[in-house]
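**Q** Residue numbers (the working numbering), protein chains in the order written: chain P, 1174 to 1496; chain W, 1174 to 1496.
Protein chains: 2
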Amino acid sequence: MQTNEQLLSVIENYLAQTELPAEPELLYAPIGYSLSGGGKRLRPMLVMLSCGIFSDDALQALPAAAAVEMFHNFTLLHDDIMDNAAVRRGKPSVFARWGQNVAILSGDAMMISSYRLLSGVPPRLLPQILATFNEMALEVCEGQQYDMDFEMKPKVSVVDYMHMIELKTSALLSGAVAIGAMLGGASEEDCRKLRRFALELGLAFQLQDDLLDSYGDEELGKAIGGDILEGKKTYLMVTAMSRADEPTREVLRRTYRDERLTDAEKIAAVKRIYDRLDVRHLTEQQISLRFDRALAVLGSLSVDPARTLRMREYAESLVDRKK
Amino acid sequence: MQTNEQLLSVIENYLAQTELPAEPELLYAPIGYSLSGGGKRLRPMLVMLSCGIFSDDALQALPAAAAVEMFHNFTLLHDDIMDNAAVRRGKPSVFARWGQNVAILSGDAMMISSYRLLSGVPPRLLPQILATFNEMALEVCEGQQYDMDFEMKPKVSVVDYMHMIELKTSALLSGAVAIGAMLGGASEEDCRKLRRFALELGLAFQLQDDLLDSYGDEELGKAIGGDILEGKKTYLMVTAMSRADEPTREVLRRTYRDERLTDAEKIAAVKRIYDRLDVRHLTEQQISLRFDRALAVLGSLSVDPARTLRMREYAESLVDRKK
Chain P
1174 MQTNEQLLSV IENYLAQTEL PAEPELLYAP IGYSLSGGGK RLRPMLVMLS CGIFSDDALQ
1234 ALPAAAAVEM FHNFTLLHDD IMDNAAVRRG KPSVFARWGQ NVAILSGDAM MISSYRLLSG
1294 VPPRLLPQIL ATFNEMALEV CEGQQYDMDF EMKPKVSVVD YMHMIELKTS ALLSGAVAIG
1354 AMLGGASEED CRKLRRFALE LGLAFQLQDD LLDSYGDEEL GKAIGGDILE GKKTYLMVTA
1414 MSRADEPTRE VLRRTYRDER LTDAEKIAAV KRIYDRLDVR HLTEQQISLR FDRALAVLGS
1474 LSVDPARTLR MREYAESLVD RKK
Chain W
1174 MQTNEQLLSV IENYLAQTEL PAEPELLYAP IGYSLSGGGK RLRPMLVMLS CGIFSDDALQ
1234 ALPAAAAVEM FHNFTLLHDD IMDNAAVRRG KPSVFARWGQ NVAILSGDAM MISSYRLLSG
1294 VPPRLLPQIL ATFNEMALEV CEGQQYDMDF EMKPKVSVVD YMHMIELKTS ALLSGAVAIG
1354 AMLGGASEED CRKLRRFALE LGLAFQLQDD LLDSYGDEEL GKAIGGDILE GKKTYLMVTA
1414 MSRADEPTRE VLRRTYRDER LTDAEKIAAV KRIYDRLDVR HLTEQQISLR FDRALAVLGS
1474 LSVDPARTLR MREYAESLVD RKK
């Protein structure tokens, strides 16, 4: 089987060669722009690696992998309208570059294109793969809606937050590995286990994303404290809210819109509370816990453990454990 | 086979029973609201009637018919955002009632739901039906983009206008009859012919819609002259532009935003030009021509002509020919 670097390059080539009509330009140009914007290609990698666990021909999963990546990019396109986000992966978002209507409609065309790619799977597997894809796609929408709902709520529990990211982040990873496994010929039992693996991996991955926003390295490209300045409910924030006394909660609720404070002061104030409540450490613990669970499930598949090595390495490259 | 009234009522029941989760409410409530908004159910009727030409069991096409109607309602939901339309079928649009973000995301979930309904077709037909659905769906997006492009263009030819409505209106009707025919067991040749039928019917139907906006009966619910007041490029407008001399064109281009005129005066001014250029009559001729072509193709199917009677009656109920 190809190395992970080779798989990544095969995916990039396949996406770059996905043929899009030239006209109408405002419908299709944003799709090419969005697809060429880079990113980790995490989801198609999971499709390919999952297929490779059960089959020596991981490349057969390429159309489905591209479908999943196309769908993911569609969600980013529409999310950027809803979040009013002008920048995506260091470039203007489609929304910022072409405006709202183009972003809505080319996003729609992008979702349809993902189903078109998906229709390239072997006909005998199409019914179950389409059903899995649909379920996954709806869950991602549910997650995005809950995420938007949370911004309007004064209080969100840790349990509700975890449920939201299970839908918004893990569902797509879970669907990706399930589709890869089906294509590779996995048993239903192994398919279920891989979904559990991806679910836990997705939680670890999202919590790490939340953590890096407050405690990451600015050189890695992401500005520190953006979530705090937006008053966003992250794992860190909902954990802090659940552990704080009422006066501290009030500070957490208000700091981000306190006009007397500079951005740096707001970030410092919230992080002081996080530190006092041990939020960083608790988040790191949760990431480790979820990641360990993911690896344990991966190890329980009914295949020669050597076949899961590449997936394990890939998962380890995604999540940085601090114990 | 059921009468057309019975088919309609079966479709309404099926749509009403389509199960939607209760939560998150802002994702799913707009879907139920949109689906229950009525309308002619033209597209699902075409799926059922097309299936009924080839099979005595038209009801087998119900999930696919619902999928096509769900998709159509999704397009209305997103079109209303793009067109900033506050009213849909006499009720507030989803966009007006719940806001833009809810309309975007519940529209997305609605499109996914249409694919979920589609996945209920017999597995052996799924690959070709999914491919047909995807092609149709992309064409509808292309049509909507051309329609938006046209609003920015000083001049649109009649040929370009017809191409746009082939995509925006006819593609969905053509996909609907093709899917119905496949489910009924039609030959490829009959399937192609039915698509041609639906394409011509769709053109007649859209041109009639354009005509009614300027020459319809206000009692039928649609206000007269809305397209004229919006400066919209309809078949009447592009035909008038193609026949007018330059000074008259300038009047046509400017009247709708002439602030010295009342709405009634704007409408009267444009219709005077239409009348002078024989636009009404030419449009009626084009509707008859397209409708006659549709019926001729319908008559050429390789089935007992009695089997096409119901489809013929239904088509006749849609288009009012003035000869």
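Just so it is clear, CB atoms sit at the ideal spot from N, CA and C, and this is done for glycine as well.
Within 10 angstroms of its Cβ, does W/Ala-1259 collect 16 or more other Cβ (buried), or is it exposed?
**A** Result: exposed.
**Q** If the cut-off is 7 Å on Cβ atoms, which residues from the segment 1188-1221 of chain W count as contacting chain P, listed in chain order?
**A** Correct list: Pro-1197, Leu-1199 and Leu-1200.
**Q** Based on the DSSP output, what are the partners of W/Val-1443 in its beta bridges?
**A** Paired residues: none, contrary to the question.
**Q** Just checking my contact of P/Leu-1291 with P/Phe-1306 at CB under 8 Å: how many whole Å lie between their CB atoms?
**A** Confirmed, about 6 Å.
**Q** Measuring only the C-alpha atoms, how far is W/Phe-1244 from W/Ser-1287?
**A** Those two C-alpha atoms are separated by around 5 Å.
**Q** For P/Leu-1181, I'd like the list of residues in its chain whose CB is within less than 7 Å of its CB, leaving aside the five on either flank, ordered along the chain.
**A** Result list for P/Leu-1181: Arg-1214 and Met-1218, in chain order.
**Q** Can a CB atom of chain W be found closer than 9 Å to the CB of P/Asn-1274?
**A** Yes, because at least one Cβ of chain W sits closer than 9 Å to the Cβ of P/Asn-1274.
**Q** Can you tell me which of W/Ala-1441, W/Val-1294 and W/Leu-1471 puts its alpha carbon nearest to the alpha carbon of W/Ala-1240?
**A** The shortest C-alpha separation from W/Ala-1240 is found at W/Val-1294.
**Q** Pull up the distance between the alpha-carbon of P/Ala-1367 and that of W/Leu-1385, whole angstroms please.
**A** The amino acid at residue 1367 of chain P is misidentified as Ala; the sequence shows Leu. Approximately 57 Å between the Cα atoms of the pair.
**Q** Can you look up W/Arg-1368 in the DSSP assignment and give me helix, strand or coil?
**A** In the structure shown, W/Arg-1368 sits in a helix (DSSP, three-state: H, G or I).
**Q** Mapping the DSSP letters down to three states, classify W/Tyr-1201 as helix, strand or coil.
**A** Residue state, collapsed to three classes: helix.
**Q** Classify W/Val-1313: buried if its beta carbon has 16 or more other beta carbons within 10 angstroms, exposed otherwise.
**A** Under this definition W/Val-1313 is a buried residue.
**Q** Within the same chain, show all residues whose beta-carbon is closer than 7 Å to that of W/Ile-1254, passing over the 5 residues directly before and after it, in chain order.
**A** Phe-1268, Gln-1273, Ala-1276 and Ile-1277.
**Q** Quick check: the Cα distance between P/Val-1331 and P/Met-1337, rounded to an integer number of angstroms?
**A** P/Val-1331 and P/Met-1337: Cα-Cα distance of roughly 10 Å.
**Q** For chain P, is any of its Cβ atoms less than 9 Å away from the one on W/Lys-1496?
**A** Summary for W/Lys-1496: the model assigns pLDDT 48, below 50, so the residue's position carries little reliability, and this model does not support an answer.
**Q** What does P/Arg-1261 pair with, by DSSP beta-bridge criteria?
**A** P/Lys-1264, per the DSSP bridge assignment.
**Q** Which of the three DSSP states is assigned to P/Lys-1405 in this structure?
**A** Residue state, collapsed to three classes: coil.
**Q** Measure the alpha-carbon distance for W/Leu-1311 versus P/Ile-1285 and round it to whole angstroms.
**A** Looking at the two C-alpha atoms, the distance is approximately 7 Å.
**Q** Does the segment 1218-1231 of chain P touch the segment 1347-1364 of chain P, meaning 3 or more C-beta pairs lie closer than 8 Å?
**A** Enough Cβ pairs lie closer than 8 Å, so yes.
**Q** By the 7 Å beta-carbon criterion, what residues does the segment 1300-1329 of chain W contribute toward chain P?
**A** Those residues of the segment 1300-1329 of chain W that come within reach of chain P (Cβ to Cβ, closer than 7 Å) are Pro-1300, Leu-1303, Ala-1304, Asn-1307, Ala-1310, Leu-1311, Cys-1314, Glu-1315, Gln-1317, Gln-1318, Tyr-1319, Met-1321 and Asp-1322.
**Q** Taking beta-carbon pairs under 7 Å, can you tell me which members of the segment 1231-1258 of chain W lie near chain P?
**A** From the segment 1231-1258 of chain W, only His-1251, Ile-1254 and Met-1255 have a Cβ closer than 7 Å to chain P.
**Q** I believe W/Ser-1279 touches W/Leu-1200 by the beta-carbon criterion, under 8 Å. Please report the beta-carbon distance rounded to the nearest angstrom.
**A** Contact holds; Cβ gap of about 5 Å.
**Q** Taking the continuous alpha helix (DSSP H) assigned at P/Pro-1300, which residues delimit it?
**A** That run of the alpha helix (DSSP H) goes 1299-1325.
**Q** Taking buried to mean at least 16 other C-beta atoms within 10 Å of its own C-beta, is W/Val-1476 buried or exposed?
**A** Counting Cβ neighbours within 10 Å, W/Val-1476 comes out exposed, since fewer than 16 surround it.
**Q** Identify each residue in the segment 1429-1453 of chain W for which the Cβ-Cβ distance to at least one residue of chain P is less than 7 Å, and report them in chain order.
**A** Answer set for the segment 1429-1453 of chain W: empty.
**Q** On the three-pair Cβ rule with 8 Å, is the segment 1372-1380 of chain W touching the segment 1411-1422 of chain W?
**A** No, because fewer than three Cβ pairs between the segment 1372-1380 of chain W and the segment 1411-1422 of chain W fall closer than 8 Å, the two stretches do not touch.
**Q** Can you find a CB in chain P that lies within less than 9 Å of the CB of W/Gly-1280?
**A** Cβ-Cβ to chain P under 9 Å: yes for W/Gly-1280.
**Q** Do we get a CB-CB distance below 9 Å when we pair W/Met-1284 with the residues of chain P?
**A** With 9 Å as the cut-off, W/Met-1284 counts as an interface residue toward chain P.
**Q** Straight-line CA distance for P/Asp-1229 to P/Met-1174?
**A** In a straight line, the C-alpha of P/Asp-1229 is about 6 Å away from that of P/Met-1174.
**Q** Which complete alpha helix (DSSP H) runs does the segment 1455-1483 of chain P hold, if anything under 4 residues is left out?
**A** Entirely contained in the segment 1455-1483 of chain P, not one alpha helix (DSSP H) run reaches 4 residues.
**Q** Which class does W/Leu-1434 belong to by DSSP, given the choice of helix, strand or coil?
**A** Coil at W/Leu-1434, not helix or strand.
**Q** Between the segment 1343-1365 of chain W and chain P, which residues of the former have a C-beta closer than 9 Å to a C-beta of the latter?
**A** For the segment 1343-1365 of chain W, which is checked against every Cβ of chain P, not one residue is closer than 9 Å.
**Q** Under 8 Å between beta-carbons, which chain P residues line up against W/Gly-1261? List them in chain order, please.
**A** The identity of residue 1261 of chain W in the sequence shown is Arg, whereas the question assumes Gly. None at all; the shortest Cβ gap to chain P is about 16 Å.
**Q** At a CB-CB cut-off below 7 Å, which residues of chain P make contact with W/Glu-1289?
**A** Note that residue 1289 of chain W corresponds to Arg in the displayed sequence, not to Glu. Here the neighbours are Asn-1307.
**Q** Rounded to whole angstroms, what is the Cα-Cα separation between W/Val-1329 and W/Glu-1423?
**A** Roughly 14 Å between the two C-alpha positions.
**Q** For P/Gly-1225, which of P/Val-1492, P/Leu-1482, P/Leu-1491 and P/Glu-1489 has the nearest alpha-carbon?
**A** When each option's Cα is compared against that of P/Gly-1225, the closest is P/Leu-1482.
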